[in-house]
Each structure stands twice: as C-alpha cells, then as structure tokens.
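Remarks on the structure that follows.
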Amino acid sequence: MIEAEDEKPIVSLLADDPIERPRIEAFVLALSDRVDALQDLEQEADFSRIAAHARALGDEAERHGFPLLARASARSVDAASARDAQDTRKALVALTEVARRVRLGHRGAPPPGF
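Going by this note's numbering, the first residue of the sequence shown is number 2, and it counts up by one from there.
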C-alpha cells in the first residue's frame, strides 16, 4: 500500500529549480495519458508492455523529483513482470492514485516567487 498521508498533493522535489520547472510541467501534463495507457494495457493483459511503460514512467518520475511515483511504478513493473493479474491491477490502482496526487500538487502549487 502507498505510504501515509495518502490524500496530500505531491510536489516535485525539484519544483524550486527554474530550469527543471518546465520539464516537470510537461511530465505532469502527460501523466494522465500515460496512466490511461497503462490501464488500457492492463485490460488487454499485456504484461510485458505494462512493465516496459511503467519502467519508463518510473525512470522519468525519479528524474523529475517524484520518488513516490517512481516507487509506485516499480511495484507495477514487478507485478507485471510476474504476470500476476491481481497484483498488477492493485499496483496500477495505487499508481493511479499517486499520479492523481502528483497532478493535484502541480495544479495546486503556488506560482514561482509566491
């Protein structure tokens, strides 16, 4: 299960970096489509593509300062690699929730210099 404070918005650890800010924004804006794609793959039981997509998402999440999202992605990779449908579904539900919180943190973040 995801760590405590499950309802709090998640803000990138790099949010204060003006160079990283546009990259973080682009990553967060694409996040819902990427999660939707993972959910579609889960419906198709395409475990190898789930693992590949979740691995790429986790790598990018880590690079953009979202370690909790990276860990949720890693759990999805592990479950999909094991070809365990039930665990994959649980991991993707958890990943979806973390992604929701990331999007909340991005939209709810104060503007630079606030």
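Note that the Cβ used here is the ideal one computed from N, Cα and C, for glycine as well.
{"Asked": "Here's the rule: buried if 16 or more other CB atoms are within 10 angstroms of the residue's CB, otherwise exposed. What is residue 30?", "Found": "exposed"}
{"Asked": "Along the chain, where does the alpha helix (DSSP H) containing residue 48 start, and where does it finish?", "Found": "48-64"}
{"Asked": "For the alpha helix (DSSP H) containing residue 39, name the first residue and the last one.", "Found": "22-44"}
{"Asked": "Can the beta-carbon of residue 27 be found closer than 7 Å to that of residue 52?", "Found": "no"}
{"Asked": "Find the nearest neighbour of residue 1 within the set 10, 84, 56, judged by alpha-carbon distance.", "Found": "Residue 1 lies beyond the range of the chain shown here (2 to 115); nothing can be said about it."}
{"Asked": "So, helix, strand or coil for residue 98, using DSSP?", "Found": "helix"}
{"Asked": "Please check the pair residue 35 and residue 42, which I expect to be a contact at CB under 8 Å, by giving their CB distance rounded to whole angstroms.", "Found": "In fact, because the Cβ distance is near 11 Å, the residues do not count as touching under 8 Å."}
{"Asked": "For a test of the three-state rule: what should DSSP assign to residue 104, helix, strand or coil?", "Found": "helix"}
{"Asked": "Return helix, strand or coil for residue 84, following the three-state DSSP convention.", "Found": "coil"}
{"Asked": "Can you name, in chain order, every residue of its own chain whose Cβ lies under 8 Å from the Cβ of residue 16, other than the five neighbours on each side?", "Found": "22, 25, 66, 110"}
{"Asked": "Helix, strand or coil for residue 78? Go by DSSP, reduced to three states.", "Found": "helix"}
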